[in-house]
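Visitor: Have a look at this one.
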Amino acid sequence: MALGRAWLGWASRLVLILALAWALTAPLEQPPKVANALQGDGRLSPETGFSVAPGAFDDYFRARGGLRTFGPPVSNRFRLLGQDVQLFRYFALRQNPDGSIATLPLLDLGAIPSSRVGGQAVPPSDPRLTGSAPVPGTPEYDSRAQAFIRANAPDTWEGLQVGFYAAFLSTVTFQEAFPNGVGNRDLLPGFAQEVWGLPVSRPTRDSQGSDVVSFRWERGVMRYDRANAQVTVLALAELFKAVLTGENVPADLAAAAEGSRFYRQLDPRAPNGVARPGELPETTLLGAFQADGQPPTGVTPPSRTPTPTPTSQLGPPTPELPTTGSPTPIDRTRRVPGAGTPTTGASGDGSVSGSTSGEGDGQDACYGDEVITFAPENPRVGTELVIVVTSSRPHPYGRLAGTERTTFVRERPGQRGLVWEWTVNLSTTGNHEYTFYVDSTIPCKKVSIQVRSALGTTSARSTGLDNDNVDNVSDNLSSDNFSNNVSSDNFSDNTSGDNSRDNTSANVSGDNSDDNSSSDNASDNLSDEDNGNDNGDNSS
Numbered sequence: 000m001a002l003g004r005a006w007l008g009w010a011s012r013l014v015l016i017l018a019l020a021w022a023l024t025a026p027l028e029q030p031p032k033v034a035n036a037l038q039g040d041g042r043l044s045p046e047t048g049f050s051v052a053p054g055a056f057d058d059y060f061r062a063r064g065g066l067r068t069f070g071p072p073v074s075n076r077f078r079l080l081g082q083d084v085q086l087f088r089y090f091a092l093r094q095n096p097d098g099s100i101a102t103l104p105l106l107d108l109g110a111i112p113s114s115r116v117g118g119q120a121v122p123p124s125d126p127r128l129t130g131s132a133p134v135p136g137t138p139e140y141d142s143r144a145q146a147f148i149r150a151n152a153p154d155t156w157e158g159l160q161v162g163f164y165a166a167f168l169s170t171v172t173f174q175e176a177f178p179n180g181v182g183n184r185d186l187l188p189g190f191a192q193e194v195w196g197l198p199v200s201r202p203t204r205d206s207q208g209s210d211v212v213s214f215r216w217e218r219g220v221m222r223y224d225r226a227n228a229q230v231t232v233l234a235l236a237e238l239f240k241a242v243l244t245g246e247n248v249p250a251d252l253a254a255a256a257e258g259s260r261f262y263r264q265l266d267p268r269a270p271n272g273v274a275r276p277g278e279l280p281e282t283t284l285l286g287a288f289q290a291d292g293q294p295p296t297g298v299t300p301p302s303r304t305p306t307p308t309p310t311s312q313l314g315p316p317t318p319e320l321p322t323t324g325s326p327t328p329i330d331r332t333r334r335v336p337g338a339g340t341p342t343t344g345a346s347g348d349g350s351v352s353g354s355t356s357g358e359g360d361g362q363d364a365c366y367g368d369e370v371i372t373f374a375p376e377n378p379r380v381g382t383e384l385v386i387v388v389t390s391s392r393p394h395p396y397g398r399l400a401g402t403e404r405t406t407f408v409r410e411r412p413g414q415r416g417l418v419w420e421w422t423v424n425l426s427t428t429g430n431h432e433y434t435f436y437v438d439s440t441i442p443c444k445k446v447s448i449q450v451r452s453a454l455g456t457t458s459a460r461s462t463g464l465d466n467d468n469v470d471n472v473s474d475n476l477s478s479d480n481f482s483n484n485v486s487s488d489n490f491s492d493n494t495s496g497d498n499s500r501d502n503t504s505a506n507v508s509g510d511n512s513d514d515n516s517s518s519d520n521a522s523d524n525l526s527d528e529d530n531g532n533d534n535g536d537n538s539s
């Protein structure tokens with residue numbers, strides 16, 4: 000009996016010990032809760048005091064490299080020119096009207112109005128390079144865009160191992176894009192293109208003989224320093240914050256920013272926190288830079304998980320862990336501007352139906368006043384067609400694409416705003432269509448023009464214009480033809496009726512029409528693309 004009672008006592012103790020052990024160890028074996036997965040790697044940065052905005056911003060942040068790619072957040076989510084925006088150290092993210100996320104081209108928006116920042120060079124955009132870039136919506140765009148990047152983002156340049164292409168490829172790792180281990184590695188270069196866009200400059204030394212080389216993309220700037228053999232990223236978005244707030248602005252940037260519509264706009268005492276709301280419509284800066292991790296009013300505070308120390312160094316991809324499962328879904332409904340690969344449910348192909356697109360809705364990069372004009376107005380095969388686009392305000396990365404290859408000539412200021420000029424060497428007859436894109440991918444204006452067969456003689460034929468002195472503007476194929484008068488030296492204002500034929504380029508630019516006071520000039524041809532009448536108005 001005594002032995003039985005002793006055995007029962009030990010059995011009871013054993014059961015109690017096992018139960019206690021199970022209680023302590025079972026939670027460690029349970030899968031993580033969904034709420035924990037949403038915390039990500041950087042919801043609250045202890046360095047800056049700001050949190051990654053929840054939802055689409057956080058999804059994109061984590062799936063495209065997190066802190067390693069974007070750096071820590073340096074603002075809350077706020078409204079800028081009609082779009083939700085959040086600033087990180089190296090990039091600014093915006094939410095498009097369809098809910099997708101994209102990086103902002105800060106330099107082309109005028110957000111960093113300087114060619115040097117803190118003594119560091121910011122290369123200018125090269126129009127010849129951007130003019131030769133593939134246009135979204137054209138056949139085989141994805142593969143051509145990647146080939147363009149490979150050809151223009153060097154790893155070796157002038158004897159230096161700059162590593163710009165390698166740094167581009169390391170932007171997004173497989174584990175970051177597909178944390179559960181299931182996905183297509185061939186998509187990674189397209190994800191990197193989402194972040195950086197295309198190259199828009201050649202490598203540029205900080206100064207003559209310098210071993211510091213900068214390389215500009217559509218949405219960021221890489222820098223190589225031979226002293227440490229590293230590629231780093233210029234903190235553009237953090238500099239933009241300095242411009243908006245007027246705090247910690249480098250002297251060279253402060254001097255260049257005077258007169259910028261963004262400079263010193265933050266004013267907590269003003270409505271919506273905007274000092275000059277007429278210059279920044281649909282903008283709310285109140286609470287945007289409240290550095291306590293609290294987002295603006297109306298935004299749900301995210302969780303507060305500490306993050307690792309950020310770094311701007313770009314290098315080879317980190318080792319990928321063997322994992323299984325399915326990729327983390329990201330809510331995207333169309334191609335992100337500059338993306339090499341459409342995301343889930345992508346439907347945008349860059350095409351436009353009708354004659355205009357995106358006019359005046361206040362939520363895209365089209366202003367609704369874009370005008371396209373042609374010269375000559377009745378072109379023939381074998382002649383050079385000049386296509387001129389005008390708009391009241393700057394457009395980031397304006398591009399023209401259509402039936403035949405376009406060659407960029409120049410961008411210049413005009414009385415109506417800005418003017419962009421292209422030429423086309425016509426080789427086919429029929430209806431030609433050309434589309435003006437902004438921000439690389441957004442179609443703003445689409446127009447068409449009829450191209451006729453080449454003349455069998457060099458004699459001139461009247462175009463039917465009312466002005467007697469411009470009879471031969473369209474069809475004169477002699478040595479005085481229009482194609483010989485489109486050099487940059489001839490895009491001047493034509494104030495004399497006697498010169499109306501040789502200086503037609505000034506009369507079709509879209510901005511100089513008001514300067515042509517003579518009744519003999521063709522200023523009436525510039526009103527808009529709908530004036531396709533027999534009096535010489537534009538057939539666009």
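Here the sequence shown is numbered in numbering that gives the first Met the number 0, starting from 0 and rising by one per residue.
All residues carry an ideal CB built from backbone N, CA and C; glycine is no exception.
Please read these numbers as outputs of a predicted model, since none were measured by experiment.
1. Alpha carbon to alpha carbon, what distance is there between Leu-417 and Val-385?
2. Mind checking Pro-45: buried by the 16 CB within 10 Å criterion, or exposed?
3. Note the first and the last residue of the continuous beta strand (DSSP E) segment covering Thr-102.
4. Using the Cβ count rule (16 or more neighbours within 10 Å means buried), how would you classify Arg-268?
5. Would Ser-206 be called buried (16 or more neighbouring beta carbons within 10 Å of its own) or exposed?
6. Helix, strand or coil: how does DSSP classify Tyr-164 here?
7. Contact defined as beta carbons within less than 8 Å: I believe Val-232 pairs with Gly-219. What is the distance between those atoms, to the nearest angstrom?
8. On the DSSP letters alone, give me the boundaries of the beta strand (DSSP E) that Arg-93 sits inside.
9. By Cβ distance, which residues of its chain are closer than 8 Å to Tyr-164, with the 5 residues on each side in sequence left out?
10. What's the call for Glu-432, buried or exposed, on a 16-neighbour Cβ count within 10 Å?
11. Could you say which of Val-134, Ser-200, Asp-125 lies nearest to Phe-214 if we only look at CA atoms?
12. Check whether the segment 173 to 193 touches the segment 62 to 71, taking contact to mean three or more Cβ pairs, one atom from each stretch, closer than 8 Å.
13. In this structure, how does DSSP classify Thr-283 when only helix, strand and coil are distinguished?
14. Which residue's Cα is closest to the Cα of Phe-543: Pro-378, Tyr-59, Asp-58, Leu-284?
15. Count the other CB atoms, across all protein chains shown, that sit within 10 Å of the CB of Asn-75; report buried if there are 16 or more and exposed otherwise.
16. Can you give the Cα-Cα distance for Phe-490 and Phe-373, rounded to whole angstroms?
17. Where Ala-400 and Pro-112 are concerned, what is the direct C-alpha to C-alpha distance, given to the nearest angstrom?
18. Taking the alpha carbon of Phe-190 as the reference point, which residue from Leu-168, Val-387, Arg-204, Pro-198 has its own alpha carbon closest?
19. What are the start and end residues of each continuous alpha helix (DSSP H) run of 4 or more residues lying completely inside the segment 192 to 279, in chain order?
20. Would you report the Cα separation of Glu-383 and Glu-376, rounded to the nearest angstrom?
21. Around the C-beta of Asp-210, are 16 or more other C-beta atoms found within 10 angstroms, so that it is buried, or is it exposed?
22. Please list, in chain order, all residues of the same chain as Leu-37 whose beta carbon is under 6 Å from its beta carbon, the five residues on each side excluded.
23. Which of the three DSSP states is assigned to Thr-389 in this structure?
24. For the alpha helix (DSSP H) holding Ala-400, just list the boundary residues, first then last.
25. Kindly indicate which three-state DSSP category Pro-71 falls into: helix, strand or coil?
26. Quick one: Cα of Ala-101 to Cα of Val-194, how far?
27. Give me the residue from Arg-115, Ala-55, Val-387 with the minimum Cα distance to Ala-253.
28. Residues in its own chain within less than 8 Å of Pro-126 by CB, not counting five upstream and five downstream?
29. I need the straight-line Cα distance from Trp-421 to Ala-453, nearest angstrom please.
30. Among the residues of its own chain, which have a CB less than 8 Å from the CB of Gln-145, if the five just before and after it don't count?
31. Skipping 5 residues on each side, what residues in its chain have a beta carbon closer than 6 Å to that of Val-230?
32. With DSSP as the reference, label Glu-157 as helix, strand or coil.
33. How big is the Cα-Cα spacing for Thr-203 and Asn-430?
34. May I ask which residues mark the beginning and end of the alpha helix (DSSP H) holding Arg-149?
35. Expressed to the nearest angstrom, what Euclidean distance is found between the alpha-carbon atoms of Thr-282 and Val-423?
36. Using a 10 Å radius around the Cβ and a threshold of 16 neighbouring Cβ atoms, would you call Pro-123 buried or exposed?
Guide: If we stick to the structure as given:
1. 16 Å
2. exposed
3. 100 to 102
4. exposed
5. exposed
6. helix
7. 6 Å
8. 91 to 94
9. Ile-148, Arg-149, Ala-152, Pro-153, Asp-154
10. exposed
11. Ser-200
12. yes
13. strand
14. For residue 543 there is no data in the structure shown, the boundaries of the chain being 0 and 539.
15. buried
16. Legend: pLDDT at Phe-490 = 36, less than 50; position of this residue unreliable, no value from coordinates given.
17. 28 Å
18. Leu-168
19. 235 to 244, 250 to 256
20. 11 Å
21. exposed
22. In this prediction, Leu-37 has a pLDDT of 27, which is less than 50 and means its spatial position is unreliable; what the coordinates show is noted afterwards. Counting only Cβ-Cβ distances below 6 Å, and skipping sequence neighbours, we find nothing.
23. strand
24. Ala-400 -> not in any alpha helix (DSSP H); beta strand (DSSP E) instead, spanning 398 to 401.
25. coil
26. 7 Å
27. Arg-115
28. Phe-407, Arg-409, Glu-410
29. 21 Å
30. Pro-188, Gly-189, Gln-192, Gly-339
31. Gly-162, Ala-166, Met-221, Tyr-223, Leu-313
32. coil
33. 42 Å
34. 140 to 151
35. 40 Å
36. exposed
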